[in-house]
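What follows is a single structure, written as structure tokens, with notes after it.
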Amino acid sequence: CFCAQGILLPQMYTAAAANIANVVTNYILLYWMDLGVIGSAAANTLSQLYICSFLFAYICWKKLHVKTWGGWTTEALQEWGSYMKLAIPSTLMLCFEWWIYELGGFLAGMLSEVDLAAQHVVIMLAFINYMFPMGIQAAACVRVGNALGAGDTAGAILTSKVSLALSGSMAVIQGIVLISTKTVIAFMFTSDDQIIDLVSQLLNVYCVLQFFDGLVCVCMGIILGTGKQKIAAMANLITYYCVGLPLGISLMFTAGLKVLGFWLGLFICVILQSTFFITVIFRLNWKRMTEKAVKRAGKAGHMVSMRNIVAPDHTENSGSTVNGYISVSTEGQEDLRGSNGTPEVKREDGSPSGLLSTTQLVLRRGLTVLAAIVILAVGTSVHLLLPLPISSWSNLSVDWSNTTFTTTSPPELTLSTVLI
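If you count by full-length UniProt numbering, then the sequence shown holds residues 1 to 420, one letter each, in order.
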């Protein structure tokens, strides 16, 4: 919501404040209350609440909701179809990508403790490294979506090119930093020589892999902005689980490359992905995408880009611009709504059309809420009925001052639990 309005700095400030609060909370729960890994997990949960609270306070302070929110109406329960058609593929697109790394952790656990620890160290470094292209992805998604919704086809194409160029340049710099520090960077996570040596070997592959992975990340942002989530979701499903994972498993176990084989499989996968996504982006019918975006936005006419106006970090009055496009506002929409706040859509005979009745709303949205409750109940039941083994509870924390690691006896993988 903030990104769509061009309001970015408050998110950065609140995230920074939440991180500071997270550090303090971790210190209290880990060292004062001696809660170990459970305390760290609780601190992470609280940090999410911090961010939410800070952003909500900012909204109330700046009164952003006055211009962008028309209040509670039954309109919010109508026409979920078009939203879900975009939301579900977007969710699957991200899940298919992130699940592959989790599966890599399970597979590495079948090899040895050293392989598992090295795998999680590289994954943690990959997550940190991935934040940079993810920032570009978010910006590209919003800018492309806003440009298309405003009828600015040329602006959407320019944003795509700039985003890809910026991502590629940044990935080169990140690769240089990683390859230059590959022999020492693992010391942030462990002092075990075997793990450090294996991490150094894996980074030889990851340094090149992250270049293509960064391009894939930004490409997905561009595709999200164009509303082509299904293409990205299917591409991720096929490349990750029909190419990358089978190839990685074969290299890990059959070829005997162990955890290195998993990353080689992913390397080939992201090369195919980046090639496919870039081809799709530059072969898109951008004019048609613009027409669809304008239609989704409910615009009656053509919106003109105003590139010479700098985006403020607050919502302006109706008719002003944000990020070069007309800002979001609920003003002037009363004539499009009925007395109950829902759009007045009429059939030929003058009766409302396309909207669910009260009974249909209660039934369908009630089933949605019920499904969410069932999922929560199942997850909670599994957690309670399948507790952790006793040995896992005994490793809630490690006394680092009295712990000695040797190269002949790898450390217990309490470390990998912390990294997860």
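Note that CB positions come from ideal geometry on N, CA and C, so glycine has one too.
Of the listed residues Gln174, Ser160, Lys230 and Leu272, nearest to Leu86 (C-alpha basis): That would be Lys230, whose Cα lies nearest to the Cα of Leu86.
Among Ile195, Leu77 and Ser169, the one whose alpha carbon lies nearest that of Leu116: Of Ile195, Leu77 and Ser169, the residue nearest in Cα terms is Ile195.
8 Å CB neighbourhood of Thr361 in its chain, flanking five on each side removed: A small fix is needed here, since residue 361 is Leu in this sequence, not Thr. Cβ neighbours of Leu361 beyond the five flanking positions: Thr74, Leu77 and Gln78.
Where Asn19 falls: helix, strand or coil (DSSP): Under the three-state reduction of DSSP, Asn19 is assigned to helix.
Met33 (DSSP reduced to helix, strand or coil): Coil.
Sub-8 Å separation of Leu245 and Leu103 beta-carbons: Yes, Cβ-Cβ distance for Leu245 and Leu103 is below 8 Å.
Other residues of its chain near Ser90: CB distance less than 7 Å, five sequence neighbours each side excluded: For Ser90, where only same-chain residues beyond five positions count, the Cβ hits under 7 Å are Leu224 and Gln229.
For Gly168 and Cys217, the rounded distance between their alpha carbons: Roughly 11 Å between the two C-alpha positions.
CB contact check: Ala138 to chain B, cutoff 8 Å: Given the protein chain composition of this structure (a single chain), no chain B is represented.
Met110 (DSSP reduced to helix, strand or coil): In the displayed model, Met110 falls within coil according to three-state DSSP, outside both helix and strand.
Leu237 versus Met33 - alpha carbon distance: Between Leu237 and Met33, the C-alpha separation is close to 44 Å.
Distance, Leu9 Cα to Ala15 Cα: About 10 Å.
Distance, Gly36 Cα to Thr159 Cα: Straight-line spacing of the CA atoms in Thr159 and Gly36 works out to 46 Å.
Short Cβ contact (8 Å threshold) for residue 424 with Asn19: This structure cannot speak to residue 424, because the chain is shown only from 1 to 420.
Entirely enclosed beta strand (DSSP E) segments - the segment 130-191, minimum 3 residues: The qualifying runs do not exist here; there are none.
Within 8 Å, strictly: CB atoms of Thr275 and Leu148: For Thr275 and Leu148, no; Cβs fall outside 8 Å.
Trp286 beta carbon less than 8 Å from that of Ile157: Going by C-beta atoms, Ile157 is nearer than 8 Å to Trp286.
Gln194, DSSP secondary structure in three states: Helix.
Beta carbon of Leu202 nearer than 8 Å to that of Val122: Result yes, Cβ atoms of Leu202 and Val122 sit closer than 8 Å.
Proximal residues to Ala186 (C-beta, below 6 Å), its chain only, five neighbours per side dropped: Val121, Ile196 and Val199, listed in sequence order.
Stretch pair the segment 268-282 + the segment 134-145: three plus CB contacts closer than 8 Å: No, they do not touch.
CB of Tyr240 within 8 Å of CB of Ala126, strictly: By the CB criterion at 8 Å, Tyr240 and Ala126 fall outside the cutoff.
Reference Ala235; option with closest CA among Phe96, Gly70, Leu178 and Lys295: Closest by alpha carbon: Phe96.
Own chain partners of Ile278 with C-beta closer than 8 Å, once the 5 adjacent residues on each side are dropped: The residues are Leu164, Leu215 and Cys219.
For Ser180, the nearest candidate out of Leu29, Asp192, Leu247 and Asn204 (CA to CA): The residue with the shortest Cα to Cα distance from Ser180 is Asn204.
Extent of the continuous alpha helix (DSSP H) to which Trp286 belongs: Bounds of the alpha helix (DSSP H) holding Trp286 are Trp286 to Arg296.
C-alpha distance - Asp213 paired with Leu30, whole-angstrom precision: Just so you know, the alpha carbons of Asp213 and Leu30 end up roughly 35 Å apart.
Rounded separation between Ile268 and Leu385 - CA only: Separation of Ile268 and Leu385 (C-alpha to C-alpha, rounded to the nearest whole angstrom) is 40 Å.
Coil, strand or helix - Gln11 by DSSP: In the structure shown, Gln11 falls within a helical segment according to DSSP collapsed to helix, strand and coil.
Where the alpha helix (DSSP H) containing Ile238 begins and where it ends: Ile238 -> alpha helix (DSSP H) spans Gln229 to Ile238.
Length of the line joining the Cα atoms of Tyr13 and Gly227: Rounded to whole angstroms, Tyr13 and Gly227 show a C-alpha spacing of 30 Å.
Reference Ala43; option with closest CA among Cys60, Tyr58, Lys63 and Ala21: The residue with the shortest Cα to Cα distance from Ala43 is Ala21.
Cα-Cα separation, Leu178 to Asn129: Here the alpha carbon of Leu178 sits roughly 9 Å from the alpha carbon of Asn129.
Environment of Gly71 [buried if 16+ CB atoms lie within 10 Å]: Gly71 is exposed by the Cβ-count criterion.
Secondary structure of Glu102, DSSP reduced to three states: Looking at Glu102 - three-state DSSP - the assignment turns out to be helix.
Same chain, Cβ closer than 7 Å to Gly258, five either side skipped, listed in chain order: One point to set straight first is that residue 258 is Lys, not Gly, in the sequence displayed. Its chain contains Leu111, Asp115 and Met252 as the residues whose beta carbon lies nearer than 7 Å to that of Lys258, once the 5 sequence neighbours on both sides are disregarded; these appear in chain order.
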